[in-house]
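Note that my numbering has the sequence shown beginning at 794, numbered continuously upward.
C-beta: ideal position from N, C-alpha, C; glycine also.
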Amino acid sequence: MQDEIEGVAVRCFDAIVVGAGLAGVCAVYRLRQAGVSVRALEAGGGVGGTWYHNRYPGARCDIESLDYSYSFSDELQQEWKWSERYAGQPEILRYINHVADRFDLRRDIQLNTWVVRARFDEAQERWMLFTDTGEVFSAKYAIMATGVLSVAQVPSMKGLEDYRGEWFHTGDWPEQGVDLAGKWVGVIGTGSSATQLIPIVAEQTEHLYVFQRTANYTMPAQNHPMKPEVEQEWKKHYPDRRKFAWASGFGHNQVTNHMSGKEMSAEARLAELENRWRLGGLYMMRAFKDILTDPEVNEIAAEFVREKIRATVQDRQTAEALCPRDLYIGTKRLCSGTNYYETFNRRNVTLVDVKNRAIERITADGILLEDGSEYEVDALIFATGFDAMTGAMNRINPVGRKGRALREAWAAGPQTYLGLCVAGFPNMFVITGPGSPSVFSNMVTSIEQHIEWTVACIEHMRAHGLSSIEPTVQAQEDWTRHVTEAAGKTLYAQSRNSWFHGANIPGKPVVFMPYVGGVGNYYQTITRVAQSGYEGFRFSSAPAVRNASHAGET
Ligand code: NAP
794 MQDEIEGVAV
804 RCFDAIVVGA
814 GLAGVCAVYR
824 LRQAGVSVRA
834 LEAGGGVGGT
844 WYHNRYPGAR
854 CDIESLDYSY
864 SFSDELQQEW
874 KWSERYAGQP
884 EILRYINHVA
894 DRFDLRRDIQ
904 LNTWVVRARF
914 DEAQERWMLF
924 TDTGEVFSAK
934 YAIMATGVLS
944 VAQVPSMKGL
954 EDYRGEWFHT
964 GDWPEQGVDL
974 AGKWVGVIGT
984 GSSATQLIPI
994 VAEQTEHLYV
1004 FQRTANYTMP
1014 AQNHPMKPEV
1024 EQEWKKHYPD
1034 RRKFAWASGF
1044 GHNQVTNHMS
1054 GKEMSAEARL
1064 AELENRWRLG
1074 GLYMMRAFKD
1084 ILTDPEVNEI
1094 AAEFVREKIR
1104 ATVQDRQTAE
1114 ALCPRDLYIG
1124 TKRLCSGTNY
1134 YETFNRRNVT
1144 LVDVKNRAIE
1154 RITADGILLE
1164 DGSEYEVDAL
1174 IFATGFDAMT
1184 GAMNRINPVG
1194 RKGRALREAW
1204 AAGPQTYLGL
1214 CVAGFPNMFV
1224 ITGPGSPSVF
1234 SNMVTSIEQH
1244 IEWTVACIEH
1254 MRAHGLSSIE
1264 PTVQAQEDWT
1274 RHVTEAAGKT
1284 LYAQSRNSWF
1294 HGANIPGKPV
1304 VFMPYVGGVG
1314 NYYQTITRVA
1324 QSGYEGFRFS
1334 SAPAVRNASH
1344 AGET
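Structure representation (structure tokens):
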């Protein structure tokens, strides 16, 4: 092995984990347990990933805290106390820091270190990773815990460089916070981040303009302080709760109505929808078994939400503008907020439609629309989303076998086997990558499933003297087709204008990226693949074994 590359000493580990968010921290814990030497490289100044960077006012999880947490340590899940039904960003960040401290993980995590490129050394069968700090790392395994919503997307808008005010992106919010008191502020976007931020910011600002291109459906989160009886019940039955989540459709404990919306009477349907509204957040997505497959059933739920909007927002024109049209409910990620629609009854909040009259440019003082109207603002907030699922991987652009770079391999859209591995990129594991349930699930469940699988795979390789693993092209093609077919059975196939399809990034191939076949089914599949001796993968033997084998000693 080379000791130096480009004049820099190479630091060797069994595994490099890229990222120290929820996935990276879990990976460090599990790999260390398995006796694998590991170093996590994290670009941020602290652990936490998404929860480190998304510090915008109102940032909060939309999966219940008791579900959105690690299951790998019973002591941890018994002892940690969540203060609210849905934890806010500061509390989740405290939790991740607590886990890092409690399990003494920090000594294997290097902060402020950005992996800028990576390449597979075919002769050594090791990954070489290069950082912005000028360091070079060598590892047998590259575990890409780079996050699926970690590359903030600021749309290219003419004139932004001339803007005299301050501007921010929700996904890269300043650690010291932002003082918006008494200011005229503009928010661009009405997705999940915006719908959480808007009600809070509206209370601080002199005036808030909300620039909306596509109205989305926002459910009331129905957040509240943690009820002691709920916490006790969960903690008493935690193993069963986790088992249920791992086998469920979405990786959590939300109850699904297994009836078709069409099988139910109009009264029963309405009662179900009212119940889902009361339960809040993403519960609406499970109101009927066919809400995401039958357009008529979907429309019943969509119209129910529109009626709620009309009943909440006093100004009729604003209410109608906030009602999503030509958008199946749930096919753009459902939003979960508190007092979102109520906020438009405030005198200091104005909804500005930028669908029919798009943003022409940013001026020195604010935003100019194509019809010539200008909105002057002291600060601009881009709640404009992320280069999702592939952005962080493509930025590193690992180079695999035969010098082939990932961007080239994924030029027509991401291709993976099981959403975990990529043909031509041996020993690289993409945690919650495209082709896995990922953003279609409770991320913590999906993260733990992937890390468990990856660590077991590494243990298998060690036990059998195997040096590299990668999927066959055939297995990858079959899986990618299966992912597309699964989406094709749903309304997602007809709603291509979302980040699920990559449609929010100019030039990105429009391909549905997550796997919608269900977390439980998916987990069974990856478990079966492992138990079958890793069907669809090919291995190479460790050099010592290969040499021995060549010498006819095996
Ligand atoms: P997003 O869902 O992609 O929303 C981006 C918003 O910006 C959309 O309303 C989009 O409009 C608008 N936009 C983008 N470019 C624009 C332009 N040039 N002009 C006008 N409007 C523009 O991003 P996000 O809200 O940050 O959420 C991303 C994902 O992160 C969520 O879907 C969710 O998975 C996750 N998230 C979760 C939580 C939670 O747990 N509660 C909170 C925040 C985020 P169009 O729709 O017309 O493109």
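Euclidean distance between Cα positions of residue i and residue j
{"i": "residue 1058", "j": "residue 971", "result": "50 angstroms"}
{"i": "residue 874", "j": "residue 1016", "result": "16 angstroms"}
{"i": "residue 1346", "j": "residue 1257", "result": "Confidence is the limiting factor: at residue 1346 the pLDDT is only 24, short of 50, which leaves the residue's position unreliable and the question unanswerable from this model."}
{"i": "residue 974", "j": "residue 845", "result": "24 angstroms"}
{"i": "residue 1052", "j": "residue 1062", "result": "10 angstroms"}
{"i": "residue 1137", "j": "residue 1101", "result": "14 angstroms"}
{"i": "residue 1142", "j": "residue 1166", "result": "17 angstroms"}
{"i": "residue 945", "j": "residue 1178", "result": "6 angstroms"}
{"i": "residue 813", "j": "residue 1109", "result": "47 angstroms"}
{"i": "residue 798", "j": "residue 929", "result": "7 angstroms"}
{"i": "residue 827", "j": "residue 1004", "result": "50 angstroms"}
{"i": "residue 1210", "j": "residue 815", "result": "23 angstroms"}
{"i": "residue 1002", "j": "residue 977", "result": "8 angstroms"}
{"i": "residue 1090", "j": "residue 1263", "result": "42 angstroms"}
{"i": "residue 1219", "j": "residue 913", "result": "8 angstroms"}
{"i": "residue 835", "j": "residue 882", "result": "19 angstroms"}
{"i": "residue 866", "j": "residue 1238", "result": "14 angstroms"}
{"i": "residue 862", "j": "residue 1027", "result": "12 angstroms"}
{"i": "residue 1135", "j": "residue 1104", "result": "10 angstroms"}
{"i": "residue 996", "j": "residue 1172", "result": "15 angstroms"}
{"i": "residue 1344", "j": "residue 1265", "result": "Because the pLDDT of residue 1344 is 28, which lies under 50, any placement of that residue in the model is unreliable, and the question is left without a value."}
{"i": "residue 1070", "j": "residue 1268", "result": "42 angstroms"}
CB of residue i within 7 angstroms of CB of residue j, strictly
{"i": "residue 1161", "j": "residue 1154", "result": "yes"}
{"i": "residue 1124", "j": "residue 1079", "result": "no"}
{"i": "residue 987", "j": "residue 879", "result": "no"}
{"i": "residue 1259", "j": "residue 1332", "result": "yes"}
{"i": "residue 1085", "j": "residue 1284", "result": "yes"}
{"i": "residue 1319", "j": "residue 1246", "result": "yes"}
{"i": "residue 1035", "j": "residue 1261", "result": "no"}
{"i": "residue 809", "j": "residue 893", "result": "no"}
{"i": "residue 979", "j": "residue 847", "result": "no"}
{"i": "residue 1303", "j": "residue 1280", "result": "no"}
{"i": "residue 1132", "j": "residue 992", "result": "yes"}
{"i": "residue 1146", "j": "residue 1114", "result": "yes"}
{"i": "residue 1044", "j": "residue 1312", "result": "yes"}
Residue i Cβ short of 6 angstroms to the ligand NAP heavy atom set
{"i": "residue 1246", "result": "no"}
{"i": "residue 1231", "result": "no"}
{"i": "residue 1116", "result": "no"}
{"i": "residue 1126", "result": "yes"}
{"i": "residue 1006", "result": "yes"}
{"i": "residue 1147", "result": "yes"}
{"i": "residue 983", "result": "yes"}
{"i": "residue 1178", "result": "yes"}
{"i": "residue 1307", "result": "no"}
{"i": "residue 850", "result": "no"}
{"i": "residue 1072", "result": "no"}
Cβ of residue i within 7 angstroms of any chain C Cβ
{"i": "residue 1188", "result": "Although the question refers to chain C, the structure presented lacks it and comprises just one protein chain."}
### Task
Output the residue ranges of the alpha helix (DSSP H) runs that lie fully inside the stretch 964 to 1043 and measure 4 residues or longer, sorted by chain position.
985 to 997, 1021 to 1029 and 1031 to 1040
(Q) Please give the ranges of any beta strand (DSSP E) in the stretch 1147 to 1197, keeping only runs that are unbroken, at least 3 residues long and fully inside the region. (A) 1152 to 1155, 1159 to 1162, 1167 to 1169 and 1172 to 1175
#### Entry: Any 3 or more C-beta pairs closer than 8 angstroms across the stretch 833 to 845 and the stretch 877 to 892
yes
_the stretch 814 to 823 in contact with the stretch 916 to 932 per 3-pair CB rule at 8 angstroms_ = no
Checklist entry - Is it a yes or a no for the stretch 1016 to 1030 touching the stretch 1288 to 1296, going by three-plus beta-carbon pairs under 8 angstroms? => result no
* To do: Count the CB pairs spanning the stretch 895 to 902 and the stretch 1183 to 1190 that are closer than 8 angstroms, and state whether there are at least three.
  => no
> What runs of the alpha helix (DSSP H), each 4 residues or longer, lie entirely inside the stretch 1065 to 1132?
Replying inline: 1088 to 1105 and 1109 to 1115
What are the start and end residues of each continuous beta strand (DSSP E) run of 3 or more residues lying completely inside the stretch 1273 to 1337, in chain order?
1330 to 1334
So within the stretch 813 to 898, which uninterrupted beta strand (DSSP E) runs reach at least 3 residues, ignoring any that extend past its ends? 831 to 834
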